[in-house]
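Asks: Quick one: the structure is below, and I'll ask about it shortly.
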Amino acid sequence: MKTDQAIAEAPPPSLVFRPDDPNNDLPLSEIQEEILDLKKRQDAVILAHNYQIEPIQRVSDFVGDSLGLSYKAAEADARAIVFCGVHFMAETARIVNPSTPVYLPDLDAGCSLSDSCPADKLAAYKAENPDIYVVAYINCSAAVKALSDVICTSGNAVKIVEKVPKDRKILFVPDQNLGQWVSQQTGRQMQLWPGSCYAHVLFTQQSIERVRIEYPDAPIVAHPECLQSVRDMADEVCSTEKMVHFCKDHSAQAFIIVTESGMIHRLQREVPEKTFIAGPTDFCACNECRYMKRNTITKLRDTLRDLTPEITLDEELRAKAEAPILRMLDWSR
Ligand code: 13P
Ligand code: SF4
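Per the numbering used here, the very first residue in the sequence shown carries number 12; after that it's consecutive.
Written out as structure tokens, the structure is:
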């Protein structure tokens, strides 16, 4: 018989998504049908991040990573953009497409990484280091973007940093883990802002080692926001979008996916013949971002129906924040 302590210390069982899962082909629910109808009537486009819940991903026009979503937002030709992601993503859509109203189903869908770099602190740092070149990961507020020289996403960070003039000292904000990884990839020294994603740092060497022992043949695919000890165990470190291509092209049949677990839905749809194992933390079989998960299917329906809540932005700030995003879009083509 197991003692209470043994039960408390037992590792969580792995969460495995297989091709033959009967949930993979569920018909659309009534509320999803309603959303498709409202979308048509409002002439709206729904953009969703890869971490959104599966019922939202299924009714969206485009599901992708921050980079892909930025391009889609800039190109959107509709009367409204409903953004299913977190606040900085919807704000970015607003910045790059100022003529189209942008709605976010829950305005409290924030981001711990974005919060870790307040604009007044960055402004103070810049005042003391006037020659610094600021590369900002897109997971930051419009006010931080406005203080930056160029923006990057996890999908293009290496490319962007490689394009920064060689004679400039770089400050990378706000993610120290992504920054460290980019520095290792490019050989470029950078000062790193001490921010991190609360969800990705929950993956540990120990939690990933446990799942690797269970699935020794499954390649490990990790997001660069993970700690170095976890990235070092990975066969591939990449953005959520690149995860789809990696798993499609690789000969393996099963993969351990070390990022927010909503990613598995996208992978299941795009690579239906393969098996995906959610990267566990020390406490849980999967890892959900509490901010991403604030958007629900009901809130999405209500947003489409009532066209609220809307993302608003002062025009002067929007224009200042747009310049480094346009530089990124240009440099990463
Ligand atoms: P991606 O751009 O790779 O999708 O990452 C966004 C994000 O918020 C990761 O936590
Ligand atoms: Fe922010 Fe982390 Fe959530 Fe991504 S997963 S939105 S970085 S808190």
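C-beta atoms are modelled at their ideal positions from N, C-alpha and C, and glycine is treated no differently.
Can you name, in chain order, every residue of its own chain whose Cβ lies under 7 Å from the Cβ of W192, other than the five neighbours on each side?
Replies: Position 181 of the sequence shown, counting from 1, holds the residue named residue 192. Counting only Cβ-Cβ distances below 7 Å, and skipping sequence neighbours, we find P235, R242, V248.
Asks: Beta strand (DSSP E) containing T286: first to last residue?
Replies: Against the sequence shown, residue 286 aligns to sequence position 275. Note, T286: beta strand (DSSP E), 286–289.
Asks: Between P116 and L311, is the Cβ-Cβ spacing less than 8 Å?
Replies: For the purposes of this step, residue 116 is taken as residue 105 along the sequence shown, with counting starting at 1. For the purposes of this step, residue 311 is taken as residue 300 along the sequence shown, with counting starting at 1. Yes, Cβ-Cβ distance for P116 and L311 is below 8 Å.
Asks: Hey, which residues come within less than 7 Å of the ligand SF4, measuring from Cβ to any heavy atom, in chain order?
Replies: Going along the chain, the residues that qualify are Y62, V97, C122, S123, L124, S125, N150, C208, Y209, A210, H211, E236, E271, C300, Y302, M303.
Asks: Per DSSP, what are the beta-bridge partners of H60 in this structure?
Replies: Within the sequence shown, the letter at position 49 stands for residue 60. Beta-bridge pairing links H60 to G75.
Asks: According to DSSP, is D186 part of a helix, a strand, or is it coil?
Replies: By one-based count along the sequence shown, residue 186 stands at place 175. Three-state DSSP puts D186 in a strand.
Asks: Could you spell out where the alpha helix (DSSP H) holding C258 opens and where it closes?
Replies: Position 247 of the sequence shown, counting from 1, holds the residue named residue 258. That run of the alpha helix (DSSP H) goes 251–260.
Asks: Please name the residue, chosen from A87, Q202, E225, G290, that lies closest to V145 on a Cα-to-Cα basis.
Replies: By one-based count along the sequence shown, residue 145 stands at place 134. Among A87, Q202, E225, G290, the Cα nearest to that of V145 is on Q202.
Asks: Suppose contacts are defined by Cβ-Cβ distances below 8 Å. Is N61 in contact with A87 by that definition?
Replies: Here the question's residue 61 lines up with position 50 in the sequence shown. Here the question's residue 87 lines up with position 76 in the sequence shown. For N61 and A87, no; Cβs fall outside 8 Å.
Asks: Which of helix, strand or coil does DSSP assign to Q200?
Replies: Position 189 of the sequence shown holds residue 200. Q200: coil per DSSP, three-state reduction.
Asks: Which value, in whole angstroms, describes the spacing of the CA atoms of S165 and I219?
Replies: The sequence position of residue 165 within the sequence shown is 154, counting from 1. The sequence position of residue 219 within the sequence shown is 208, counting from 1. One C-alpha to the other measures close to 21 Å.
Asks: Please report the Cβ distance between A263 and I288, rounded to the nearest whole angstrom; I am assuming they are in contact, meaning their Cβ atoms lie under 8 Å.
Replies: Sequence index remark: in the sequence shown, residue 263 carries index 252 (1-based). Sequence index remark: in the sequence shown, residue 288 carries index 277 (1-based). About 11 Å separates the two Cβ atoms, so there is no contact after all.
Asks: Taking the alpha carbon of T215 as the reference point, which residue from L278, N298, A130 has its own alpha carbon closest?
Replies: Position 204 of the sequence shown holds residue 215. The option with the nearest alpha carbon to T215 is N298.
Asks: Do the segment 203–211 and the segment 222–229 make contact, defined as three or more Cβ pairs closer than 8 Å?
Replies: No: fewer than three Cβ pairs fall under 8 Å.
Asks: Quick one: Cα of A334 to Cα of L80, how far?
Replies: Here the question's residue 334 lines up with position 323 in the sequence shown. Here the question's residue 80 lines up with position 69 in the sequence shown. Whole-angstrom Cα-Cα distance: 17 Å.
Asks: So what's A19 in DSSP terms, helix, strand or just coil?
Replies: Here residue 19 refers to the residue found at position 8 of the sequence shown. Note that A19 scores a pLDDT of 48, beneath 50, so its modelled location is shaky; the value from the coordinates is reported in the next line. Helix at A19.
Asks: Helix, strand or coil: how does DSSP classify V113 here?
Replies: Taking the first residue of the sequence shown as position 1, residue 113 is located at position 102. Note: V113 maps to strand in three-state DSSP.
Asks: Is G166 close to the ligand 13P? I mean its beta-carbon at under 7 Å from any heavy atom of the ligand.
Replies: Residue 166 sits at position 155 when you count from the first residue of the sequence shown. The answer is yes for G166.
Asks: Any heavy atom of the ligand 13P closer than 7 Å to the CB of S77?
Replies: Looking up residue 77 in the sequence shown gives position 66. Yes, Cβ of S77 sits closer than 7 Å to a heavy atom of the ligand 13P.
Asks: Helix, strand or coil, according to DSSP, for F214 in the structure here?
Replies: Reading the sequence shown from its first residue, position 203 is the one you call residue 214. F214: coil per DSSP, three-state reduction.
Asks: Just curious, the beta strand (DSSP E) that Y136 is in, first and last residue?
Replies: Along the sequence shown, read from residue 1 onward, the residue named residue 136 stands at position 125. Looking at the DSSP string, Y136 is not in any beta strand (DSSP E); the run it does join, the alpha helix (DSSP H), is 130–139.
Asks: Unbroken beta strand (DSSP E) runs of length 3 or more, entirely within the segment 272–332: which are they?
Replies: You should have 286–289.
Asks: Tell me the DSSP bridge mates of C208?
Replies: Taking the sequence shown and counting its residues from 1, the one referred to as residue 208 is at position 197. None; C208 has no bridge partner.
Asks: State the DSSP-derived secondary structure class of A101, mapped to helix, strand or coil.
Replies: As a first step, residue 101 is located in the sequence shown; it is residue number 90 there, counting from the start. A101 falls in the helix class under three-state DSSP.
Asks: Look at the Cβ atom of Y302, then the Cβ atom of A104, and state whether they are nearer than 8 Å.
Replies: Looking up residue 302 in the sequence shown gives position 291. Looking up residue 104 in the sequence shown gives position 93. In this structure, A104 does not lie closer than 8 Å to Y302 by Cβ.
Asks: Applying the 10 Å Cβ sphere with the 16-neighbour rule, what's the burial state of A330?
Replies: In the sequence shown, counting from the first residue as 1, residue 330 sits at position 319. It counts as exposed.
Asks: Given a threshold of 16 other Cβ atoms within 10 Å of its Cβ, counted over all protein chains shown, does A134 qualify as buried or as exposed?
Replies: In the sequence shown, the residue the question calls residue 134 occupies position 123. Result: exposed.
Asks: Quick one: Cα of Q68 to Cα of E327, how far?
Replies: Taking the first residue of the sequence shown as position 1, residue 68 is located at position 57. Taking the first residue of the sequence shown as position 1, residue 327 is located at position 316. Spanning the two alpha carbons is a distance of roughly 33 Å.
Asks: Give me the residue from L26, K170, A332, P230 with the minimum Cα distance to D260.
Replies: Sequence index remark: in the sequence shown, residue 260 carries index 249 (1-based). Of the candidates L26, K170, A332, P230, the one whose C-alpha sits nearest the C-alpha of D260 is P230.
Asks: Helix, strand or coil for V172 per DSSP?
Replies: Along the sequence shown, read from residue 1 onward, the residue named residue 172 stands at position 161. Of the three classes helix, strand and coil, the one that applies to V172 here is helix, per DSSP.
Asks: Tell whether a beta-carbon distance below 8 Å holds between A296 and I106.
Replies: Reading the sequence shown from its first residue, position 285 is the one you call residue 296. Reading the sequence shown from its first residue, position 95 is the one you call residue 106. No; because the gap between Cβ atoms is not below 8 Å, this pair is not in contact.
Asks: If you draw a straight line from the C-alpha of F294 to the C-alpha of R52, how long is it?
Replies: Numbered from its first residue, the sequence shown carries residue 294 at position 283. Numbered from its first residue, the sequence shown carries residue 52 at position 41. Going by the C-alpha atoms only, they are around 44 Å apart.
Asks: Out of Q63, Q239, F99, which one is the CA nearest neighbour of C8?
Replies: There is simply no residue 8 to check, as the chain begins at 12 and stops at 344 in what is shown.
Asks: Whole angstroms are fine: how far does the CA of D178 sit from the CA of N140?
Replies: Your numbering for residue 140 matches position 129 in the sequence shown. Your numbering for residue 178 matches position 167 in the sequence shown. Rounded to whole angstroms, N140 to D178 spans 15 Å at the Cα level.
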